[in-house]
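Keeping their order, the protein sequence lines are chains A and B. Residues in the first sequence are numbered consecutively from 1, following full-length UniProt numbering. Residues in the second sequence are numbered consecutively from 1, following full-length UniProt numbering.
Number of protein chains: 2
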Amino acid sequence: MTHPSDSRAYFFKIDTTIKKIRNVLQKRFNDSGFDLTVDQWVLIDHVARNQGISQNMLAELTTKDAPTVTRILDLLVKKGLVERRMSDEDRRKFNIFLMPEGTKTFEMVLPVVKEIRRQGWGELNEEDYAHFVRIMDSIYQNFSE
Amino acid sequence: MTHPSDSRAYFFKIDTTIKKIRNVLQKRFNDSGFDLTVDQWVLIDHVARNQGISQNMLAELTTKDAPTVTRILDLLVKKGLVERRMSDEDRRKFNIFLMPEGTKTFEMVLPVVKEIRRQGWGELNEEDYAHFVRIMDSIYQNFSE
DNA sequence: GAGCAATTATTAGCAGGCTAATACTTTAAC
DNA sequence: GTTAAAGTATTAGCCTGCTAATAATTGCTC
Chain A
1 MTHPSDSRAY
11 FFKIDTTIKK
21 IRNVLQKRFN
31 DSGFDLTVDQ
41 WVLIDHVARN
51 QGISQNMLAE
61 LTTKDAPTVT
71 RILDLLVKKG
81 LVERRMSDED
91 RRKFNIFLMP
101 EGTKTFEMVL
111 PVVKEIRRQG
121 WGELNEEDYA
131 HFVRIMDSIY
141 QNFSE
Chain B
1 MTHPSDSRAY
11 FFKIDTTIKK
21 IRNVLQKRFN
31 DSGFDLTVDQ
41 WVLIDHVARN
51 QGISQNMLAE
61 LTTKDAPTVT
71 RILDLLVKKG
81 LVERRMSDED
91 RRKFNIFLMP
101 EGTKTFEMVL
111 PVVKEIRRQG
121 WGELNEEDYA
131 HFVRIMDSIY
141 QNFSE
């Protein structure tokens with residue numbers, strides 16, 4: 001390998017790592033008795049921090065596409081965790097709110113998620129984090145032109 | 001953020017980056033007239049480099065699960081790119097081979113993929129690559145205990 | 001060698017990522 | 001004000017990731 005980019009390694013490593021993280025999160029959710037997928041959690045997390053957010057905005061913040069947000073919200077509504085309310089100013093939009101059960105879920109799951117984040121990061125330090133962000137952002141940017 | 005792991009950032013960044021890479025690859029495939037998904041390419045790549053490989057082994061090398069490998073191979077067989085041959089020693093196994101069309105596809109797509117890898121890695125250097133590998137492996141390891 | 005456990009691959013079912021097409025609403029242009 | 005363009009959300013259809021259950025074969029143990 002004369003240049004790192006000649007290898008499949010970086011695509012593969014990113015792919016494998018994100019799968020691992022997802023697996024661990026999901027298993028921990030299941031073991032904790034949370035009836036929730038990782039992506040459902042991601043939406044709940046954002047709604048909790050941005051009550052009344054639009055689906056559009058949710059899609060942008062999570063880098064999910066609109067149809068996916070629609071479907072995940074459908075499931076969350078069905079579970080009684082989240083509510084769609086017609087927007088007053090713009091009738092094309094919904095404002096998304098947590099229901100009481102959703103708030104409960106958020107508060108129950110959050111500490112578990114934080115613990116997993118800590119576990120994953122382990123002994124890596126601030127400098128590592130800076131490298132990590134720089135490299136990831138760089139790859140992203142290199143593909144955004 | 002007192003500690004990087006307190007933020008959603010690293011999970012999110014990895015997730016977003018891999019999505020970006022996949023999108024760029026797929027779009028470039030489409031624009032080049034390749035009738036191929038990214039994951040179908042990944043399997044072709046591995047079969048090309050390991051003719052006769054078993055599905056099991058393919059799953060391991062690609063970190064895909066067995067049902068996914070089965071389905072992707074079904075599509076590749078349907079497209080005439082790949083062939084399943086009964087293994088002589090173990091009749092539970094298939095040996096996977098590229099068909100002539102598959103080899104053609106491999107040789108046609110590979111340079112495009114290499115070019116995209118190069119583009120993504122951009123001006124990052126060997127040292128960055130070392131950091132990248134170390135951090136990713138570390139996260140993976142922290143979740144494998 | 002009979003019976004049981006492990007291995008290999010498949011099927012079915014749910015969830016999420018993507019594109020394309022559609023319905024509805026708002027905004028802009030004339 | 002009417003019409004055209006843009007924005008918001010949904011639906012449908014394909015592909016992939018995951019789990020659980022199944023079928024077929026092999027290997028192990030007695």
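Quick reminder that beta carbons are idealized off the backbone N, C-alpha and C, glycines included.
Residue j beta carbon less than 9 Å from that of residue i
i              : j              : result
D39 (chain A)  : I14 (chain A)  : no
Y10 (chain B)  : W41 (chain A)  : no
F132 (chain A) : F132 (chain B) : yes
W32 (chain A)  : V82 (chain A)  : The sequence shown places Ser at residue 32 (chain A), rather than the Trp named in the question. Not in contact: S32 (chain A) and V82 (chain A) (Cβ atoms no closer than 9 Å).
Q51 (chain B)  : F97 (chain B)  : yes
K64 (chain A)  : D35 (chain A)  : no
First and last residue of the uninterrupted alpha helix (DSSP H) at residue i
i                     : result
L110 (chain A)        : 100–121
N142 (chain B)        : 126–142
L76 (chain B)         : 66–78
residue 146 (chain B) : Given a span of 1 to 145 for chain B in the structure shown, any question on residue 146 (chain B) remains unanswerable.
L43 (chain A)         : 38–49
D31 (chain B)         : 9–31
Within chain A, the residues that residue i reaches when beta carbons sit closer than 7 Å
i              : result
I18 (chain B)  : I14, D15, I18
V24 (chain B)  : F143
T105 (chain B) : Those do not exist, as T105 (chain B) stays about 17 Å from chain A at its closest Cβ, beyond 7 Å.
F132 (chain B) : Y10, I135
Residue span of the beta strand (DSSP E) that contains residue i, given as start and end
i             : result
E83 (chain B) : 82–86
Heavy atom of the ligand GTP within 8 Å of residue i beta-carbon
i             : result
G33 (chain B) : No copy of the ligand GTP occurs in the structure displayed, which carries no ligand at all.
Chain-ordered chain A contacts of residue i [CB-CB under 9 Å]
i             : result
T63 (chain B) : F12, D15, T16, K19, K20
Under 7 Å by beta carbon: chain B residues contacting residue i
i              : result
L124 (chain A) : I135, S138
D128 (chain A) : I135
Contacts that residue i makes with chain B (C-beta to C-beta distance below 9 Å)
i              : result
Q119 (chain A) : S5, N142, F143, E145
The stretch 98–111 of chain A touching the stretch 119–136 of chain B, judged by at least three CB pairs closer than 8 Å: Contact between the stretch 98–111 of chain A and the stretch 119–136 of chain B is absent, with fewer than three C-beta pairs closer than 8 Å.
Sufficient close CB pairs (3 or more, under 8 Å) joining the stretch 9–24 of chain B to the stretch 42–53 of chain B: No, they do not touch.
The stretch 133–143 of chain A / the stretch 64–80 of chain A touching (three or more Cβ pairs under 8 Å): Because the criterion of three Cβ pairs below 8 Å is not met, the stretch 133–143 of chain A and the stretch 64–80 of chain A do not touch.
Cβ pair count under 8 Å reaching 3, the stretch 104–116 of chain B against the stretch 82–96 of chain A: The stretch 104–116 of chain B and the stretch 82–96 of chain A do not touch, with fewer than 3 CB-CB distances between them shorter than 8 Å.
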